[in-house]
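Numbering (my numbering), first residue to last: 473 to 686.
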């Protein structure tokens, strides 16, 4: 049996894994999980991922992987070419730092379940949007000089890395939330470079079978 990805079309965490799978040239079956309808909380999906989050990657042998960055690390270890981590240990650390700024410090504060929690607390739509903008901006302020220093077309170097797997979905999310990206020209440039790459194009939310385009 092959790989099966449980994904939600515009959620950034499964978007990261789709990029990684396409960069590695791996085919996979796609199972959509509708986060708006709450399918991630239903027993059928909880049996796949008890945390009730996307993505989950079923390896087809009884093993199921969760947590997007951990899945990307597994992909790198099991399918090392083309590499998404540099060979040099210090460079790998810097790429991981860039990825984890996004995965740990930006994304968790503006995902769907946090938005729902803020709504239940009576936070207004405008204040909710300001919350999202604040945390993306803080993270991008930290990332921008790193991309300036280490980017050579992509976020780090001349080829896609784990950093791009995380950055490009976060830029997509920032655009969804209508955040003005003018203050971060290096991030915008890295995003443009990545979006011209076939793997990033194939992984884009609009190309997914569950995409809802308006």
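Note that the Cβ used here is the ideal one computed from N, Cα and C, for glycine as well.
No experiment lies behind these values; they were computed from the predicted model shown.
Inset, instruction - Could you please give the first and the last residue of the uninterrupted alpha helix (DSSP H) stretch that includes residue 684? - result: Where residue 684 is concerned, there is no enclosing alpha helix (DSSP H), given that its DSSP letter is neither H nor E.
Inset, instruction - Answer yes or no: do residue 527 and residue 489 have a C-beta to C-beta separation smaller than 8 Å? - result: yes
Legend entry - Cα-Cα separation between residue 576 and residue 669, rounded to whole angstroms: 26 Å
Inset, instruction - Could you spell out the range, first to last residue, of the beta strand (DSSP E) harbouring residue 484? - result: Here residue 484 belongs to no beta strand (DSSP E); instead the alpha helix (DSSP H) covers 484-495.
Inset, instruction - State the Cα-Cα distance for the pair residue 683 and residue 558, rounded to the nearest angstrom. - result: If I take the Cα positions, the gap works out to 33 Å.
Legend entry - Rounded Cβ spacing between residue 626 and residue 613 (contact assumed at less than 8 Å): Contact doesn't hold; Cβ gap of about 20 Å is too wide.
Legend entry - residue 580 classed as buried or exposed, judged by whether at least 16 other C-beta atoms fall within 10 angstroms: exposed
Legend entry - Inter-residue CB distance, residue 552 and residue 495 (contact presumed, cutoff 8 Å): Incorrect: roughly 12 Å between the Cβ atoms, too far for contact.
Legend entry - N- and C-terminal bounds of the alpha helix (DSSP H) containing residue 614: 597-622
Inset, instruction - Inspect the CB distances between the region 606-624 and the region 642-649 and report whether three or more fall short of 8 Å. - result: yes
Inset, instruction - Decide if residue 560 is buried, meaning its Cβ has at least 16 other Cβ atoms within 10 Å, or exposed. - result: Answer is exposed; the Cβ neighbour count stays below 16.
Inset, instruction - Ignoring anything shorter than 4 residues or poking outside the region 539-608, list the alpha helix (DSSP H) runs there in chain order. - result: 540-550, 561-572, 584-592
Legend entry - Contacts around residue 672, its chain only, beta-carbon distance under 7 Å, and the 5 residues preceding and following it disregarded: 491, 640, 666
Inset, instruction - Going by CA-CA distance only, name the one from 543, 663, 518 that's closest to residue 619. - result: 663
Legend entry - Element boundaries [beta strand (DSSP E), containing residue 649]: Element bounds for residue 649: n/a, residue is neither H nor E.
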